[in-house]
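Student: Residue numbering for the sequence shown follows the numbering used here, beginning at 3 and increasing consecutively.
Glycine residues also receive a C-beta, built at the ideal position from the N, C-alpha and C atoms.
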Amino acid sequence: MIDNGIDMSRIPQHVAVIMDGNGRWAKQKGKSRIFGHKNGVKAVRDTIETAAEMGVKYVTLYAFSTENWNRPKDEVTGLMELLVFTINKEIKTLMENEIALQAIGDLHSLPKRCYNELMRAIEKTSSNKRMTLVLALSYSSKWEILNAVKELASQVEKKKIKPEDINEELFTQHLCTSSIPDPELLIRTSGEHRISNFLLWQIAYSELYFTEKLWPDFRKEDFKLAIADFQKRERRFGKTSEQLSNVMQ
Ligand code: FPP
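1. Classify Asp22: buried if its beta carbon has 16 or more other beta carbons within 10 angstroms, exposed otherwise.
2. Quick check on His176: does DSSP put it in helix, strand or coil?
3. Let me check you understand the geometry: is the CB of Arg122 closer than 6 Å to at least one non-hydrogen atom of ligand 1?
4. Quick one: Cα of Thr79 to Cα of Tyr117, how far?
5. So, for Met56: in the same chain, excluding its five sequence neighbours on each side, which residues have a beta-carbon less than 6 Å away from its beta-carbon?
6. From Ala28 to Leu109, what does the alpha carbon distance come to, in whole angstroms?
7. Report the three-state DSSP secondary structure of Phe225 (helix, strand or coil).
8. So, helix, strand or coil for Thr79, using DSSP?
9. How should Gln204 be labelled, buried or exposed, when 16 other C-beta atoms within 10 angstroms of its C-beta is the threshold for buried?
10. Suppose you measure from the CA of Phe212 to the CA of Phe220; what does that come to, to the nearest Å?
11. For the 8 Å Cβ check, are there 3 or more pairs between the segment 25-45 and the segment 227-234?
12. Which value, in whole angstroms, describes the spacing of the CA atoms of Ile15 and Ser180?
13. Quick check: the segment 137-148 against the segment 56-72, are there 3 or more CB pairs under 8 Å?
14. What is the DSSP secondary structure of Tyr207, reduced to helix, strand or coil?
15. Give the C-beta separation of Leu1 and Thr127 to the nearest angstrom, bearing in mind that I take them to be a contact with Cβ-Cβ under 8 Å.
16. Does the Cβ of Ala65 lie closer than 6 Å to at least one heavy atom of ligand 1?
17. With a threshold of 6 Å, establish whether the CB of His39 neighbours any heavy atom of ligand 1.
18. According to DSSP, which residues form a beta bridge with Ser67?
19. So, helix, strand or coil for Ile168, using DSSP?
20. Could you tell me if Pro218 is buried or exposed, where buried requires 16 or more neighbouring beta carbons within 10 angstroms of its beta carbon?
21. Are the beta-carbon atoms of Ala18 and Leu172 separated by less than 7 Å?
22. If you follow the alpha helix (DSSP H) that Ile50 is part of, which residue opens it and which one closes it?
23. Please confirm whether Ile8 and Phe200 have their CB atoms less than 7 Å apart.
Below, the structure is given as structure tokens:
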């Protein structure tokens with residue numbers, strides 16, 4: 003079925019988003035950076051709602067990177083408070099829409115209250131089946147990959163596995179995303195064309211979509227444009243177009 007130019011039978015299963023441009027959006031308005039983050043929440047809601055309506059199964063949002071700890075203290079505190087406030091406020095909507103919450107990253111480095119509220123929301127929503135919202139918090143891909151390497155090295159040391167047992171599948175099982183399929187589409191807002199230490203292993207074959215829109219201005223229509231653009235592309239996974247059309251015949 004085609005709806006608004008979108009083929010509903012070819013919706014990506016997992017969409018990852020680098021929400022960028024909150025600070026610049028606020029600066030344009032002569033406001034503080036945290037004002038930009040607060041206004042980014044509307045874009046989060048629009049994205050989740052549209053994704054759920056379309057039948058996307060996983061949405062991963064890069065909400066706070068390991069590097070973000072280096073921002074000014076009042077911005078970090080403001081972001082953590084906003085996170086706790088938003089999770090508490092939206093938990094009812096998550097339940098009504100059958101959306102499960104998950105989080106990836108060095109979660110123990112979060113302030114205690116933030117960690118506790120997050121765990122409470124994850125637990126409460128855990129049996130929801132329609133869609134999973136994954137928040138990347140205190141997350142960086144290099145941190146995640148190094149953790150997987152350390153864990154595998156320790157298993158080799160304890161002789162639980164042999165070095166030759168390490169393959170893509172085993173490695174993937176040691177990432178934070180072990181239970182989540184790789185994203186088919188990665189969206190980044192604000193005109194920046196970078197990956198910024200986000201899901202480096204998982205996006206090996208993802209389509210990348212960049213938009214000039216600053217995150218607080220990102221609306222339902224912008225998410226639909228990203229999906230429509232994704233559907234125009236031919237995903238070849240290293241094969242030729244001819245090989246792909248032979249498989250489809
Ligand atoms: C990037 O903009 C945005 C962030 C680091 C934080 C995003 C957080 C939210 C939208 C808050 C709510 C989120 C959830 C999931 C409840 P930037 O500050 O890097 O912008 P700039 O590049 O213009 O400075």
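Tutor: Inspection of the coordinates gives the following:
1. buried
2. coil
3. no
4. 14 Å
5. Ile13
6. 28 Å
7. helix
8. helix
9. buried
10. 12 Å
11. no
12. Correcting the residue identity first, residue 15 is Gln in this sequence and not Ile. Near 15 Å, if we compare the C-alpha coordinates of Ser180 and Gln15.
13. yes
14. coil
15. Not covered by the structure: residue 1. The range shown for the chain is 3 to 251.
16. yes
17. yes
18. Tyr141
19. coil
20. buried
21. no
22. Arg35 to Met56
23. no
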